[in-house]
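Using this note's numbering, read the sequence shown as starting at 87 and increasing by one per residue.
As structure tokens, the structure follows; a few thoughts come after it.
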Amino acid sequence: MIIAIDGPSGAGKSTLGKMLAKKLGLLYLDTGAMYRAVALAATSSGTAFEDQSAVAKIAEMAKIELLGEPDDLHVLLNGDDVSAEIRSFEIAQAASVVSTNSDVRKTMVRHQREIGNAAPNGCVLEGRDIGSIVFPDADIKFFLTAKPEARARRRYEEDKAKGRVTTYEQTLSEINERDQRDVSRADSPLTIAEDAVVIDTSELDLTEVFDAMLAKISDRRVSASVNRN
Ligand code: DC
């Protein structure tokens with residue numbers, strides 16, 4: 087079973103994706119972490135993001151591995167554990183720039199399909215283009231969204247807990263900047279797949295969203311088995 091979860095940053099995709107993977111015994115693939123790893127590789131090698139072919143080569147050559155359980159996921163770049171480093175504000179912005187590079191996207195999509203298809207019980211993939219490009223035939227597609235203010239509020243609370251010095255206004259402006267880049271890029275912009283289940287999480291708590299997602303998955307399984315019989 088392939089479950090696609092797309093949506094803007096801060097809508098709850100990671101938390102809910104991990105919860106679903108655990109509950110259903112599926113692999114969890116955070117595709118944003120892969121773009122972040124490419125951004126880190128480019129930054130560490132001093133490559134300018136404008137040098138499209140050099141960045142594409144870095145993506146092609148980079149060995150990116152996602153290991154461990156959903157709750158304790160480790161991202162390895164060429165054998166080094168970069169799980170913490172890729173979560174910085176600078177790398178988030180760099181990943182959103184690097185992800186506009188079509189050749190980088192081709193490499194990542196190929197990699198993501200291989201990982202998803204090889205997962206013995208199936209996979210929950212979370213990103214921006216999963217339902218539209220990576221797995222257009224996913225068994226179920228979710229698009230999680232929330233008002234920018236709600237997403238900024240959550241992200242601000244998370245950052246504060248991690249000790250980052252920031253303000254709510256700054257977080258909101260960073261979210262708006264990243265959203266703008268993610269929806270306006272030419273290749274695979276953030277879009278809602280036609281057959282996606284859209285959930286606005288602004289006014290819902292985690293359990294409500296999780297239950298709604300599980301209910302949709304179970305409906306889909308029932309109708310798939312009815313159609314088979
Ligand atoms: O989900 P995230 O914040 O970790 O993603 C980092 C960046 O990577 C984000 O700005 C958009 C990009 N991305 C993408 O273009 N396609 C994906 N499938 C996942 C992430």
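Using N, Cα and C, we set each Cβ at its ideal position, and we do this for glycine too.
If you're wondering where the values come from, they're calculated on a predicted model, not measured in any experiment.
Residue i versus residue j: straight-line alpha-carbon distance, rounded
i, j, result
"SER274", "VAL220", "10 Å"
"SER139", "SER270", "21 Å"
"ALA125", "GLU235", "27 Å"
"GLY111", "PHE296", "15 Å"
"LEU276", "PRO94", "8 Å"
"VAL284", "GLU260", "24 Å"
"GLU136", "GLN179", "14 Å"
"THR133", "SER304", "46 Å"
"THR193", "GLU171", "22 Å"
"ARG250", "THR129", "21 Å"
"ASN262", "GLY154", "32 Å"
"TYR242", "ASP157", "21 Å"
"ASP291", "LYS109", "18 Å"
"THR252", "PHE175", "11 Å"
"VAL312", "LYS302", "15 Å"
"ALA272", "GLU146", "21 Å"
"ASP166", "VAL308", "43 Å"
"ASP223", "GLN198", "14 Å"
"MET105", "ALA298", "13 Å"
"THR101", "LEU300", "14 Å"
"ARG191", "LEU152", "17 Å"
Near the ligand DC: residue i beta-carbon under 7 Å from a heavy atom
i, result
"ALA279", "no"
"ASP225", "no"
"THR252", "no"
"GLY202", "no"
"ALA178", "yes"
"ILE216", "yes"
"GLY118", "yes"
"TYR121", "yes"
"ALA181", "yes"
"SER185", "yes"
"ASP305", "no"
"ASP157", "no"
"ASP268", "yes"
"ARG237", "no"
"SER169", "no"
"ARG264", "yes"
Short Cβ contact (8 Å threshold) for residue i with residue j
i, j, result
"ALA127", "ILE144", "yes"
"GLY103", "GLU212", "yes"
"SER218", "ALA310", "no"
"TYR254", "ALA232", "no"
"ALA107", "TYR114", "yes"
"ASP189", "ALA142", "yes"
"ARG173", "ASP225", "no"
"VAL195", "ILE89", "no"
"ASP245", "THR257", "yes"
"GLY208", "MET87", "yes"
"TYR121", "SER185", "yes"
"ARG240", "GLY96", "yes"
"THR287", "LEU230", "yes"
Min CB distance residue i to chain C below 8 Å
i, result
"PHE221", "The question asks about chain C, but that chain is absent: this structure has only one protein chain."
Inter-residue CB distance, residue i and residue j (contact presumed, cutoff 8 Å)
i, j, result
"LYS227", "ASP265", "Not a contact, Cβ separation roughly 20 Å."
"LEU159", "ASP116", "7 Å"
"ASN164", "ALA148", "6 Å"
Original post:
Which residue spans inside the segment 201–245 form an unbroken beta strand (DSSP E) run of at least 3?
Top reply: 209–213, 226–231
**OP:** Jot down the residue ranges of each uninterrupted beta strand (DSSP E) in the segment 99–124, minimum 3 residues, whole runs only, in chain order.
**Re:** 113–116
Original post:
In chain order, which continuous runs of the beta strand (DSSP E) of length 3 or greater are located wholly inside the segment 262–312?
Top reply: 283–286
Original post:
Which ranges does the beta strand (DSSP E) cover as unbroken runs of at least 3 residues, wholly within the segment 128–159, from first to last along the chain?
Top reply: 150–153
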